[in-house]
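*Asks:* For the sequence shown, this note's numbering begins at 2 and goes up steadily by one.
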Amino acid sequence: MSRHLCRVPFENVSKLLLFGREGAGRPTTVSEFLDGIEHYDLGGTCYTSNPFLAELLAALGYDTDLLGADMSAPNVHTVIRVRMGGVNYHVDVGFAAPFREPMRFDEPAHEIADGDERFVVENYSVTVFSGRERLYGYVAHDPPRSLESFSPIILDSYSPGQTFMSCLRITRFFEDHTAEIRNTTLIQSKGGESRQTTLNSLAELESAVAHDLAMPRCPIEQAVAVLERVTGKPLFD
């Protein structure tokens, strides 16, 4: 799980590029997902990373379910449940969270720190805090769902104003640190410390993506162009 998390970044670049090519949204195919990883240093969101990992785990013989999770609306997030030895494990590689190992659903509440953020995991819920401020979270639940059942939600996620059609977000995990792009800010976290750097131009953004996030083939310029067209606003002032 840790290797998958480090190899496959959380990003909405591929989402923006698909919309830019086709002028509409749709579910990403597994071939497109794998091509993005192999050729463009891309990954995806919870609508690709979790479902396709669940399929891989099932093909390898694991007892696996894809579950919906409620955030601002029902079933707008996906997670994986893996059963081993009569124990249910929580797997989520599509939340831009440092969940490097499977987590037991029946364990007491515990937290995982990454820079300034804390991820509190309890039963089927995850809550993200910055200091004492709650930022967001989700509650996963039965019944198991197919990837196809998320199609209406995926299509809606491409609507104007939706989160990943209104921002630029890339999170890349490494063995000992995390690097993120949140619009024009580069955030580098290690242990309980974070450092933020403002990116003032497309050239600085491209350099950060190539070097700090180790994604030199990422077509970031094209993604920014799509984002600016969709939002009607320049990314850089």
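Built from N, CA and C at the ideal position, the CB exists for glycine as well.
Thinking just about the alpha-carbon of each residue, which of Phe100, Arg101, Tyr125 and Asp117 is nearest to the one in Pro109?
*Replies:* Tyr125
*Asks:* Are Thr79 and Gly87 closer than 8 Å when you measure CB to CB?
*Replies:* no
*Asks:* Inspect the CB distances between the segment 191-200 and the segment 25-45 and report whether three or more fall short of 8 Å.
*Replies:* These segments do not touch.
*Asks:* Please list, in chain order, all residues of the same chain as Val231 whose beta carbon is under 6 Å from its beta carbon, the five residues on each side excluded.
*Replies:* Met166
*Asks:* Measure how close the beta-carbons of Phe174 and Cys47 come, nearest whole angstrom, since I'm counting them as under 8 Å.
*Replies:* Contact flag wrong, Cβ pair sits at about 15 Å.
*Asks:* If contact is defined by three or more beta carbon pairs under 8 Å, each pair taking one atom from either stretch, is the segment 167-186 in contact with the segment 124-139?
*Replies:* no
*Asks:* Leu148 CB to nearest chain C CB: under 8 Å?
*Replies:* The chain inventory of the structure shown lacks chain C, comprising one protein chain alone.
*Asks:* Taking only the alpha-carbon atoms, compute the straight-line gap between Met104 and Leu54 and give it to the nearest angstrom.
*Replies:* 16 Å
*Asks:* Between the Cα of Asn51 and those of Ser160, Glu39, Phe100 and Ser73, spot the shortest distance and give me the residue it belongs to.
*Replies:* Phe100
*Asks:* Who are the Cβ neighbours of Ala211 in its own chain at under 8 Å, not counting the five residues just before and after it?
*Replies:* Taking C-beta separations shorter than 8 Å and ignoring five residues to either side along the sequence, the partners of Ala211 in its chain run Pro217 and Cys219, following chain order.
*Asks:* I need the boundaries of the beta strand (DSSP E) containing Leu68, first residue and last residue.
*Replies:* Asp64 to Asp71
*Asks:* Which ranges would you report for the beta strand (DSSP E) in the segment 15-88 if only whole runs of at least 3 residues count?
*Replies:* 64-71 and 78-85
*Asks:* Checking the sheet assignment: what are the DSSP bridge partners for Phe130?
*Replies:* Arg119 and Arg135
*Asks:* Are there 16 or more other CB atoms within 10 angstroms of the CB of Ser190, so buried, or fewer, so exposed?
*Replies:* buried
*Asks:* Tell me whether Glu222, by its Cβ, gets closer than 7 Å to a heavy atom of the ligand ATP.
*Replies:* With respect to the ligand ATP, the structure offers nothing, as it holds no ligand at all.
*Asks:* Straight-line CA distance for Ser73 to Asn89?
*Replies:* 25 Å
*Asks:* If contacts are defined as beta-carbon pairs under 8 Å, then Thr172 and Ala114 qualify, I think. What distance do you get, rounded to the angstrom?
*Replies:* That pair is no contact at about 15 Å.
*Asks:* Going by DSSP, name the residue or residues bridged to Glu194.
*Replies:* Lys191
*Asks:* On the three-state DSSP scale, how would you describe His178?
*Replies:* coil
*Asks:* Is the beta carbon of Leu187 sitting closer than 8 Å to the one on Asp157?
*Replies:* Using a Cβ distance threshold of 8 Å, Leu187 and Asp157 do not count as a contacting pair.
*Asks:* With 16 as the cutoff for other CB atoms within 10 Å, does His91 come out buried or exposed?
*Replies:* buried
*Asks:* What does the alpha-carbon distance come out to for the pair Glu102 and Asp93?
*Replies:* 9 Å
*Asks:* Whose C-alpha, out of Arg84, Asn13 and Glu112, is nearest the C-alpha of Gly62?
*Replies:* Arg84
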